[in-house]
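**Q**
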Amino acid sequence: MISPLNILASSHDQFKDPAFLGSLATHRPVLKDAVLACSMIHLSNSHDGFQMEALRRYNRALAGLRMQIEDGSVTGEEDWILFTTILLHVFEVSEPIRKL
Numbered sequence: 286m287i288s289p290l291n292i293l294a295s296s297h298d299q300f301k302d303p304a305f306l307g308s309l310a311t312h313r314p315v316l317k318d319a320v321l322a323c324s325m326i327h328l329s330n331s332h333d334g335f336q337m338e339a340l341r342r343y344n345r346a347l348a349g350l351r352m353q354i355e356d357g358s359v360t361g362e363e364d365w366i367l368f369t370t371i372l373l374h375v376f377e378v379s380e381p382i383r384k385l
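Under our numbering, think of the first position of the sequence shown as 286, with each following residue one higher.
Below is the structure:
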């Protein structure tokens with residue numbers, strides 16, 4: 286997960302609070318899947334069996350985000366969408382994925 290220490294000083298104060306970041310993932314299944322995808326792909330560097338589940342979580346996050354955008358249930362200005370998009374990018378550029 287993104288550490289509050291890595292958040293820019295000019296960011297909203299709530300993003301510096303680990304409890305806020307955790308609550309976002311708890312209440313947003315798409316974000317939760319993106320967090321789990323990144324976590325599992327990282328674990329796949331040292332443990333077998335996580336890569337396929339990481340890909341499933343990534344695909345669920347991507348499909349869920351796309352569905353919400355297509356059905357108009359989000360405006361694109363929600364904080365969790367930005368956070369999710371960043372995590373999806375982190376997943377996409379991770380070393381185990383680039384080796385596939």
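Using N, Cα and C, we set each Cβ at its ideal position, and we do this for glycine too.
1. Tell me whether SER331 is buried or exposed, calling it buried when 16 or more other Cβ atoms sit within 10 Å of its Cβ.
2. Here's a check: name, in chain order, each residue in its chain whose Cβ is nearer than 6 Å to the Cβ of GLY307, leaving out the five neighbours to either side.
3. Answer with buried or exposed for ALA339, where buried requires no fewer than 16 other C-beta atoms within 10 angstroms of its C-beta.
4. Output the distance between the C-alpha atoms of ILE366 and HIS312, rounded to the nearest integer angstrom.
5. Between the stretch 340 to 348 and the stretch 312 to 322, do three or more beta carbon pairs fall short of 8 Å?
6. Which class does HIS312 belong to by DSSP, given the choice of helix, strand or coil?
7. Could you pull out every residue in the same chain whose Cβ sits closer than 7 Å to the Cβ of THR369, ignoring the five residues on either side in sequence?
8. If you reduce the DSSP assignment to three classes, tell me which class ASN330 lands in.
9. Under the rule that 16 or more other beta-carbon atoms within 10 Å means buried, what is ILE371, buried or exposed?
**A** The answer reads as follows:
1. If you number the sequence shown from 1, residue 331 lands on position 46. Burial state of SER331 is exposed, judged by a 10 Å Cβ sphere holding fewer than 16 other Cβ atoms.
2. Locating residue 307 in the sequence shown gives position 22, where the first residue counts as 1. So no residue of the chain qualifies.
3. Numbered from 1 along the sequence shown, position 54 holds the residue referred to as residue 339. Counting Cβ neighbours within 10 Å, ALA339 comes out buried, since at least 16 surround it.
4. Locating residue 366 in the sequence shown gives position 81, counting from the first residue. Locating residue 312 in the sequence shown gives position 27, counting from the first residue. Computed Cα separation, rounded: 12 Å.
5. yes
6. Start at 1 with the first residue of the sequence shown, and residue 312 comes out as number 27. In the structure shown, HIS312 sits in a helix (DSSP, three-state: H, G or I).
7. Here residue 369 is taken as the residue at index 84 of the sequence shown, counted from 1. Excluding sequence neighbours, THR369 sits near VAL315, LEU316, ALA319, ALA346 and LEU350.
8. Numbered from its first residue, the sequence shown carries residue 330 at position 45. Annotated three-state conformation of ASN330 is coil, per DSSP.
9. On the sequence shown, residue 371 is found 86 positions in, with the first residue counted as 1. ILE371 is exposed by the Cβ-count criterion.
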